[in-house]
Every structure is written in structure tokens, then in C-alpha cells.
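Chains as they are written, first to last, in the numbering used here: chain A, 1 to 106; chain B, 1001 to 1043. Each residue gets a CB set at the ideal place from its N, CA and C atoms; glycine is no exception.
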Amino acid sequence: MDLEEQGNISRLVASGQHDRMVAILGTPNPASTRMVAMTLRDGDPSYAGPLAGIPLGLPVYHVLEDQVKQRIDPDVYEYEVGPMEFVLDRDGIINALQFVREAKAA
Amino acid sequence: MIDLKDKLVLCLGERDGIAAPALQACVESAGAEVIYAETQCFV
């Protein structure tokens, strides 16, 4: 996540209604998923951007997770996500998110 | 299971994965309101 995006999100969350906010990711691999999820929950782990040391605590999900997919209109999901569901490392991405969630809970 | 209805969603897409407009269409079909949508490109 680049520095400009971190700033945008920081301002957005500060504007209010934090309790209603959820982040949905379309990241392509476990490493990028983990990095973005950590940044949104615990702050920028690289300490380079505006979210350094700022734990937003946002709930973070990936669009490939079953708990997200099951809420989406199947026709829309097929059209918008379609074959990428089978191209991307779905299990690795889910494991990366699980790692971040468990790290937060520990 | 996550409930997206009436949630304010930040769609963070990536060019090599799934782009933000696709994420936006998906979550809006689930009743969410998108307040931020951005597709990152790291080329």
C-alpha cells in the first residue's frame, strides 16, 4: 500500500463511522494480502507511511473468502471475479489473513 | 459470515489481482456502500 493511499484511508477513517467500515481486498498473493491487512489493522509495519504506529483496527477480508463470496450475487461474482478465483493462490491468501487475525488476537 | 449490508466498504484492488471496480460491483450487490475504491499498480 503506497503512502498516498495510506493518507487517504487515514483521513477517511478519521472522518467518522469507523464502526461501519470494512476493507475488502483484491490483492494477488499472500505477501501483499498480509502487508495490506497488517497496515489496516495494526498500522504500517514498514513505519514509512502515514499509518505508521496507527492501528485503525479495520475488519479486513479478501473477496476470495467464502464468507464474503456467499454474500455477493453469484452472477455478479462470476462476471467480476470469475476465473481469477482459480488463478490466484486462494488458500495462501486466506492463510495470510488468518495469520494477521490471530496475531491481532494474541 | 460477514454481513456487508449497510457497511461502508473500502475496496482495495490490485492490478495483478482483482481491480477495485470489480470489488465495488461485488460488494454493492451485497448491499454495501463503497466509500473508497482504488486499484494499486506496482509495475
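Measuring straight from C-alpha to C-alpha, what distance separates residue 1010 of chain B and residue 27 of chain A?
13 Å
Ignoring anything shorter than 3 residues, give me the beta strand (DSSP E) runs that lie fully in the region 44-86 of chain A, in order along the chain.
60-62
Could you work out which residue in A:51, A:18, A:40 is closest to residue 172 of chain A when comparing CA atoms only?
Outside the modelled stretch of chain A, which goes from 1 to 106, sits residue 172 of chain A, for which no answer is possible.
State the DSSP-derived secondary structure class of residue 27 of chain A, mapped to helix, strand or coil.
coil
Where residue 17 of chain A falls: helix, strand or coil (DSSP)
coil
To the nearest angstrom, how far is the alpha carbon of residue 53 of chain A from that of residue 40 of chain A?
11 Å
So residue 1004 of chain B is in the alpha helix (DSSP H); what residue range does that whole segment cover?
Unbroken run through residue 1004 of chain B: none, as it is neither H nor E.
So the beta strand (DSSP E) residue 1037 of chain B belongs to, where does it begin and stop?
1033-1040
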